[in-house]
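In full-length UniProt numbering, the protein residues as written are 1 to 162. Where is the CB? At the ideal position from N, CA and C, for every residue including glycine. No experiment lies behind these values; they were computed from the predicted model shown. The block underneath contains the structure these notes are about, expressed in structure tokens.
The following block contains the structure:
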């Protein structure tokens with residue numbers, strides 16, 4: 001997955017400009033620690049989880065095309081493993097959440113390398129299962145976000161760049 005992120009980053013890097021020095025630092029941190037970030041959001045809760053998810057959301061708030069590709073996979077992994085933590089963070093900005101969902105058929109579930117189709121398909125299935133399970137036990141305030149996410153996943157196809 002790291003190859004994909006770096007490939008996408010290089011494709012978009014000429015047009016990608018962080019909105020601030022803070023966001024540039026956050027993006028640099030993400031790229032330099034990508035494997036550790038994926039590990040943190042995929043395992044049981046730890047003292048690292050909240051700072052990592054907060055940083056991911058900060059990057060997500062200030063994203064552009066390239067940043068969307070870079071930050072979406074760890075966010076999806078956090079939604080799968082920790083929906084009770086990640087979804088409220090994303091729900092704090094409903095417009096950004098809706099824009100992110102609209103990018104599922106483009107940047108988010110796009111296999112840019114030709115090597116990640118199966119992994120992206122698996123993530124999509126896991127996310128749908130996690131959200132379905134979470135909707136059974138979630139706070140009523142989050143249900144609209146869960147439902148939007150599930151509906152978007154139903155119409156999203158994993159694609160490969162030719």
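By the 10 Å Cβ neighbour count, where 16 or more other Cβ atoms means buried, how is residue i classified, buried or exposed?
i	result
residue 55	buried
residue 52	buried
residue 63	buried
residue 82	buried
residue 133	exposed
residue 57	buried
residue 25	exposed
I'd like the span of the alpha helix (DSSP H) that includes residue i, first residue to last.
i	result
residue 20	Unbroken run through residue 20: none, as it is neither H nor E.
residue 54	49-61
If I measure Cβ to Cβ from residue i and keep anything under 6 Å in the same chain, skipping five residues before and after, which residues do I get?
i	result
residue 121	158
residue 128	153
residue 72	108
residue 135	146
Looking only at C-alpha atoms, which of the options sits nearest to residue i?
i	options	result
residue 75	65, 26 and 42	42
residue 22	35, 34, 61 and 44	61
residue 85	44, 111, 96 and 27	44
residue 106	123, 161 and 79	161
residue 130	26, 27, 77 and 140	77
Could you name the residues of the same chain whose beta carbon sits closer than 7 Å to that of residue i, not counting the 5 residues immediately before and after it, in chain order?
i	result
residue 142	87, 88 and 91
residue 30	37, 59, 70 and 71
residue 93	61
residue 124	109, 153, 156 and 158
Among the residues of its own chain, which have a CB less than 8 Å from the CB of residue i, if the five just before and after it don't count?
i	result
residue 101	148, 149 and 152
Item to check | At least three beta-carbon pairs within less than 8 Å, the region 145-156 to the region 110-121 | outcome: The answer is no - the region 110-121 does not touch the region 145-156, with fewer than three Cβ pairs under 8 Å.
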